[in-house]
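This report refers to the structure that appears directly beneath it.
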Amino acid sequence: EHLAWCNVRHCAYGHDHCRSTRAFHFAGQNIAQRTACHAGDGKLLLPPAMKPDETIRKSIGTWFQEHGNATLGMIDRFPTNVTGGPIGHFTVMVNEKVRRVGCALIAYHVQRQDLGTSARRPRRMVCLVHYLVCNYSHTNFLQQKTYTKSPEPVQNC
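Position 148 of the sequence shown, counting from 1, maps to 148 under UniProt numbering, and the rest follow consecutively.
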């Protein structure tokens, strides 16, 4: 959680390179960002106002939806080339070697210019940004299994 907070507090979207620790050498990471903007008059809101818990739920849901892109073969051996859409966010979430997860979310405001209305008179936009980072104690490795399949849920736990 602390390392996830170190990432989000900079308000600069992107994977960081300092999430691994002495205890967790091969840490994984999922990141998400949601933005809602409105014009200076406060009337235009794109998309509607967000709440932090909604951002967390929607982001984790989006990562998990990648399960539809993953085949059983990809679960047995994480592929070098993924076709059919991303799977990495999902597979790090369900990786059997993950023992710890730490997440952090920050909300901040930025000003942007909307050039879509008129290039001569750009409209100033105020945007609320939610930035979420989740670190995992282990990440995906090429050609390694994501988890051991079994005919019954939690059979080998």
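Glycine included, every Cβ here is placed at the ideal spot set by N, Cα and C. These figures come from a predicted structure and were not determined experimentally.
Self-check item: the segment 64-80 contacting the segment 141-157, beta-carbon criterion three pairs below 8 Å
Solution: yes
Exercise. Take residue 158 as the anchor and find which of Gln113, Gly102, Gly61 has the nearest alpha-carbon.
Key: The question about residue 158 has no answer here: the residues shown for the chain are numbered 1 through 157.
Exercise. Return the first residue and the last residue of the alpha helix (DSSP H) that Phe62 is part of.
Key: Counted from its first residue, the sequence shown places residue 62 at position 62. For the sequence presented, residue 62 should be read as Thr rather than Phe. Segment 52-64, the alpha helix (DSSP H) holding Thr62.
Quiz item: Looking at the structure shown, is Thr91 part of a helix, part of a strand, or coil, going by DSSP?
Solution: Numbered from 1 along the sequence shown, position 91 holds the residue referred to as residue 91. Residue state, collapsed to three classes: helix.
Self-check item: Whole-Å CB distance - His138 paired with Phe26, under 8 Å assumed
Solution: Stepping through the sequence shown from its first residue, residue 138 is reached at position 138. Stepping through the sequence shown from its first residue, residue 26 is reached at position 26. Correct: roughly 6 Å between the Cβ atoms.
Exercise. Compare the Cα-Cα distances from Cys127 to each of Gly84, Thr35, Met93, Phe141 and report the closest residue.
Key: Within the sequence shown, numbered from 1, the residue matching residue 127 stands at position 127. With distances taken between Cα atoms, Cys127 lies closest to Thr35.
Self-check item: Closest Cα partner of Ile56 within the set Leu72, His38, Ala32
Solution: Mapped onto the sequence shown, residue 56 falls at position 56. Residue Ala32 is the option with its Cα nearest to Ile56.
Quiz item: For Gln29, does the count of other Cβ atoms within 10 angstroms reach 16, so buried, or fall short, so exposed?
Solution: As a working mapping, residue 29 is identified with position 29 in the sequence shown. So Gln29 ends up on the buried side.
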